[in-house]
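What follows is a single structure, written as structure tokens, with notes after it.
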Amino acid sequence: MDLAITPTRLEKSNAIRALAMDAVQAAKSGHPGMPMGMADIAEVLWCDLLKHNPTNPKWCDRDRFVLSNGHGSMLIYALLHLTGYDLPLDEIRSFRQLHSKTPGHPEYGLTPGVETTTGPLAQGFANAVGFAMAEKVLAAQFNRPNHQIVDHYTYAFVGDGCLMEGLSHEVASFAGTHKLGKLIVIYDDNNVSIDGEVSGWFTDNTAGRFRAYGWHVIDDVDGHNPMQVKDAIVTALQQTDQPSMICCKTLIGWGAPNKQATAAAHGAPLGDDEVALTRKKLGWEYPAFEVPDSIYDAFDCTTRGAQLESQWNERFASYKEAYPELATEFMRRVNGELPNEWESESTKAINAVGDSAVATRQSSKIALESFGPMLPEIIGGSADLTGSNLTLWSGSTVNDNSNPQGNYIYFGVREFGMTAIVNGLALHGGFIPYGATFLMFSEYARNAIRMAALMRVQSIMVLTHDSIGLGEDGPTHQAVEQAATLRLMPNLSVWRPCDSQETLFAWKAAIERRDGPTCLLLSRQGVPQQSRIQAQIDQIANGGYVLVDCEGVPEALIIATGTEVSLAVEAARSLSQAGKRIRVVSIPCTDVFEAQSEQYKDAVIPPNVSARVVVEAGVTAIWSKYAGPHGRVLGVDQFGESAPAKDVYQLFNLTTDAVEQTVLQLLN
């Protein structure tokens, strides 16, 4: 069936509502209320203002759209389907079903047009801040007079839940400080969350709060009045020196006669009877999942999108003629390609490491000094621990409002916000971003680290002060279980290097890893540089390798990681002098080591050698598979103590003598 005349805005919005309620009803689960409540706002933005090309969802100068309140995923699926993305109606019918492109919450890399995975509330908002930051920095680095090749906006939809999360405070404050004028956030102020009307637990003056952050705020917008919505967004587009917050009053489940404006519309299907009544109230006379051709035609953005991209291509061609080297560098970066000289120069830097005993956090700075000049796309900073994390290298220029092209960001005490912003920088493209804090405070950032792993984006976390070696700061700051729990996270690569050479290699691996995040766990205390031949240096790439070997078949293995490798080497040296055949295995990265062939792993850790001692200053359970049924793990299965690092290691029996005696006990 078709409409006889050009569809009205309301009819287009009702198409979104119908698809949303039909998909949720068919799936027997989902959240119909938000898509129905925000349909009028979404129709205006996507049809009139959003710069996008459905036939090329990865066009680099597209506007970014983030659905931070991702539980309302049918809103973005309906928009993508209707505007011409590769998301056919069968995928809408398969909402929330196995292997569909329409999962319960939007997933980056699965659905064309979805810019980030959302669902954990406020993380999409934080990613959007990262997108806007990336646009601002990239524009400052590459745009030239009369050549604006980076010029796009970031839009984010947020709900009451997003703004209740503490993360929203962190990133909103950051965005206001950095005057991210290309960021426009639209707040769905519907006064309802899962537990009901939010007036009992959320009475913030949201407009006042965001003005206090330095945002441009437009409040009291009727979210069901398209002209008010459009006027507000157009006004926000003109405010280039402040991020904008548009507060829209809406009714959750708009159009559902018995459930509109109630929690009943939030997180459950409306029910067959209510769906039928809603169709009648909306005047939507079409069966489930049927949309008239005229509405498809009115939504279709493929022609306009192709024209927008073609116009950009013409501008870029002019830019390339005027600035050929910059144009080549721009395309290299947005395509995620490393410089031609990367492999040879990075390898040379690793092989040139000196023999000084330094903390691996200092080795990390050496890595930045070595690799940074080759990689102008490296950008990052610390959550108020710059001097401790040692992330400010000689090529750093501070990013602030007087220097928007700077590559070093002072994130402030915002570990969660920093990490989610780093994810946004990575998702945007054109950068290799990193954030830094103490390993203990990865606990604040854990959900953002998990989201990076889930999305398989290249976020790098520099996590220093990695163990009880933190010493006098005591158990509140001493990481014990953090290394182990991070290693349990799927698709997260966790490196805990033992010296400068392993640290530089860990950085190299993180820079080359395009399909997931990396955590670098680094020491506060100094560690000796280990001696290696070239073959051993090359084997660091395997995540685990033989660092010290013996003549013939080893009697015992000492397996260690990080700062405890030096204890293993010293113990092996002493035992060897006593006539024992000892092999030391360094495992700086368990996930990379586990990805090797069984043949390689058995060559490093021979199955027939049962006397094994594993050493790490952290919880022991994760190492039992390497110790085997007859081995021992020396570690820390309780919280630490406040004392000088040497005394704390002594307290927990993490000494050369303890390692040596444990080996002898196993051999006797």
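The sequence shown stops at residue 1794 when you use this note's numbering, and every number in between is there.
C-beta: ideal position from N, C-alpha, C; glycine also.
Which listed residue (1502, 1188, 1207, 1334) has its alpha carbon closest to that of residue 1439
One-based indexing of the sequence shown puts residue 1439 at position 313. When each option's Cα is compared against that of residue 1439, the closest is 1188.
Go ahead and pull the three-state DSSP assignment for residue 1186.
For the purposes of this step, residue 1186 is identified with residue 60 of the sequence shown, where counting begins at 1. Note: residue 1186 maps to coil in three-state DSSP.
Contact between the stretch 1468-1487 and the stretch 1598-1608 (3+ Cβ pairs under 8 angstroms)
no
Among 1231, 1365, 1181, 1176, which has the Cα closest to the Cα of residue 1203?
Within the sequence shown, numbered from 1, the residue matching residue 1203 stands at position 77. Nearest of 1231, 1365, 1181, 1176 to residue 1203, Cα basis: 1231.
What did DSSP end up calling residue 1371 once you bin it into helix, strand or coil?
Taking the sequence shown and counting its residues from 1, the one referred to as residue 1371 is at position 245. Strand.
Identified DSSP bridge partners for residue 1587:
Start at 1 with the first residue of the sequence shown, and residue 1587 comes out as number 461. For residue 1587, which the question treats as bridged, DSSP gives the partners 1561, 1645.
Assigned exposure category for residue 1728 - 16 Cβ within 10 Å defines buried
Taking the first residue of the sequence shown as 1, we reach residue 1728 at position 602. Residue 1728 is exposed by the Cβ-count criterion.
DSSP state of residue 1451 mapped onto helix, strand, coil:
Taking the first residue of the sequence shown as 1, we reach residue 1451 at position 325. DSSP places residue 1451 in helix when its eight states are reduced to three.
Do you know whose CA, among 1648, 1671, 1651, 1652, lies nearest residue 1659's CA?
For the purposes of this step, residue 1659 is identified with residue 533 of the sequence shown, where counting begins at 1. That would be 1671, whose Cα lies nearest to the Cα of residue 1659.
Since residue 1621 sits in a beta bridge, which residues does DSSP pair it with?
Position 495 of the sequence shown, counting from 1, holds the residue named residue 1621. Beta-bridge pairing links residue 1621 to 1646.
Taking only three categories from DSSP, how would you classify residue 1541?
In the sequence shown, counting from the first residue as 1, residue 1541 sits at position 415. Here residue 1541 sits in helix by DSSP.
Cβ-based burial, residue 1398 [other Cβ within 10 Å; buried from 16]
If you number the sequence shown from 1, residue 1398 lands on position 272. Classification of residue 1398: exposed, given that the 10 Å Cβ count is below 16.
If you run the structure through DSSP and keep just helix, strand and coil, what is residue 1155?
As a first step, residue 1155 is located in the sequence shown; it is residue number 29 there, counting from the start. Coil, per DSSP.
Taking Cβ to Cβ, would you say residue 1147 is nearer than 9 angstroms to residue 1382?
By one-based count along the sequence shown, residue 1147 stands at place 21. By one-based count along the sequence shown, residue 1382 stands at place 256. Yes; because the gap between Cβ atoms is below 9 angstroms, this pair is in contact.
Quick check on this structure: which residue in 1662, 1154, 1369, 1702 has the alpha carbon closest to the alpha carbon of residue 1394?
Indexing the sequence shown from 1 puts residue 1394 at position 268. For residue 1394, the nearest C-alpha among the options comes from 1154.
Separation of residue 1253 from residue 1686, as counted between CA atoms:
On the sequence shown, residue 1686 is found 560 positions in, with the first residue counted as 1. On the sequence shown, residue 1253 is found 127 positions in, with the first residue counted as 1. Roughly 37 angstroms separates the two Cα atoms.
Whole-angstrom distance between residue 1749 and residue 1604, CA atom to CA atom
On the sequence shown, residue 1604 is found 478 positions in, with the first residue counted as 1. On the sequence shown, residue 1749 is found 623 positions in, with the first residue counted as 1. So the two alpha carbons sit approximately 19 angstroms from each other.
Quick check on this structure: which residue in 1337, 1246, 1679, 1535 has the alpha carbon closest to the alpha carbon of residue 1525?
Position 399 of the sequence shown, counted from the start, is the residue given in the question as residue 1525. Checking every option, the nearest Cα to that of residue 1525 belongs to 1535.
Using the beta-carbon count (16 or more within 10 Å), is residue 1643 buried or exposed?
Indexing the sequence shown from 1 puts residue 1643 at position 517. Buried, because 16 or more other Cβ atoms sit within 10 Å of the Cβ of residue 1643.
Excluding the five sequence neighbours on either side, which residues of its own chain have a C-beta within less than 6 angstroms of the C-beta of residue 1246, listed in chain order?
As a working note, residue 1246 is residue 120 in the sequence shown. Once the five neighbours on either side are set aside, the close Cβ partners of residue 1246 are 1573.
Beta-bridge pairing of residue 1498 - partner residues as DSSP gives them
Counting from one through the sequence shown, the residue named residue 1498 turns up at place 372. DSSP output for residue 1498 lists no bridge partner at all.
Between the Cα of residue 1647 and those of 1429, 1132, 1715, spot the shortest distance and give me the residue it belongs to.
Within the sequence shown, numbered from 1, the residue matching residue 1647 stands at position 521. Measuring from the Cα of residue 1647, the nearest candidate turns out to be 1715.
Best match in 1195, 1255, 1418, 1702 for proximity to residue 1132 [C-alpha to C-alpha]:
Here residue 1132 corresponds to residue number 6 of the sequence shown, with the count starting at 1. With distances taken between Cα atoms, residue 1132 lies closest to 1418.
Sort 1755, 1506, 1238, 1510 by Cα distance to residue 1531 and report the nearest one.
On the sequence shown, residue 1531 is found 405 positions in, with the first residue counted as 1. Of the listed residues, the one whose Cα sits closest to residue 1531 is 1506.
If you count every other CB in all the chains shown that lies within 10 Å of the CB of residue 1367, and 16 or more means buried, which is it?
Numbered from its first residue, the sequence shown carries residue 1367 at position 241. It counts as exposed.
Straight-line CA distance for residue 1136 to residue 1266?
Locating residue 1136 in the sequence shown gives position 10, counting from the first residue. Locating residue 1266 in the sequence shown gives position 140, counting from the first residue. Distance between the alpha carbons of residue 1136 and residue 1266: 40 angstroms.
Restricting to Cα atoms, I'd like to know which of 1181, 1565, 1216, 1140 is closest to residue 1435.
For the purposes of this step, residue 1435 is taken as the residue at position 309 of the sequence shown. Ranking the options by Cα distance to residue 1435, first place goes to 1181.
So residue 1758 is in the beta strand (DSSP E); what residue range does that whole segment cover?
Locating residue 1758 in the sequence shown gives position 632, counting from the first residue. Per DSSP, residue 1758 belongs to the beta strand (DSSP E) from 1758-1760.
State yes or no: is the beta carbon of residue 1412 nearer than 9 angstroms to at least one beta carbon in chain B?
This model lacks chain B altogether, as it is built from one protein chain only.
Looking at residue 1555 and residue 1186, is the spacing between their C-beta atoms short of 9 angstroms?
Here residue 1186 is taken as the residue at index 60 of the sequence shown, counted from 1. Here residue 1555 is taken as the residue at index 429 of the sequence shown, counted from 1. Contact flag set, yes.
Using only the alpha-carbon positions, how far apart do residue 1380 and residue 1348 sit?
Position 254 of the sequence shown, counted from the start, is the residue given in the question as residue 1380. Position 222 of the sequence shown, counted from the start, is the residue given in the question as residue 1348. Answer to the nearest angstrom: the Cα atoms are 13 angstroms apart.
Report buried or exposed for residue 1162, applying the criterion of at least 16 other Cβ atoms within 10 angstroms of its Cβ.
Locating residue 1162 in the sequence shown gives position 36, counting from the first residue. That one is buried.
Quick one: is the Cβ of residue 1190 within less than 8 angstroms of any heavy atom of the ligand GDP?
As presented, the structure is devoid of all ligands, the ligand GDP included, so that no description of it is given.
Please classify residue 1262 as buried or exposed, where buried requires at least 16 other C-beta atoms within 10 Å of its C-beta.
Your numbering for residue 1262 matches position 136 in the sequence shown. Looking at its Cβ environment, which holds 16 or more other Cβ atoms inside 10 Å, residue 1262 is buried.
Could you spell out where the alpha helix (DSSP H) holding residue 1719 opens and where it closes?
On the sequence shown, residue 1719 is found 593 positions in, with the first residue counted as 1. Taken as a continuous stretch (DSSP letters only), the alpha helix (DSSP H) holding residue 1719 covers 1716-1720.
Just the C-alpha distance for residue 1442 and residue 1353, rounded to the nearest angstrom, thanks.
Position 316 of the sequence shown, counted from the first residue, corresponds to residue 1442. Position 227 of the sequence shown, counted from the first residue, corresponds to residue 1353. Approximately 34 angstroms between the Cα atoms of the pair.
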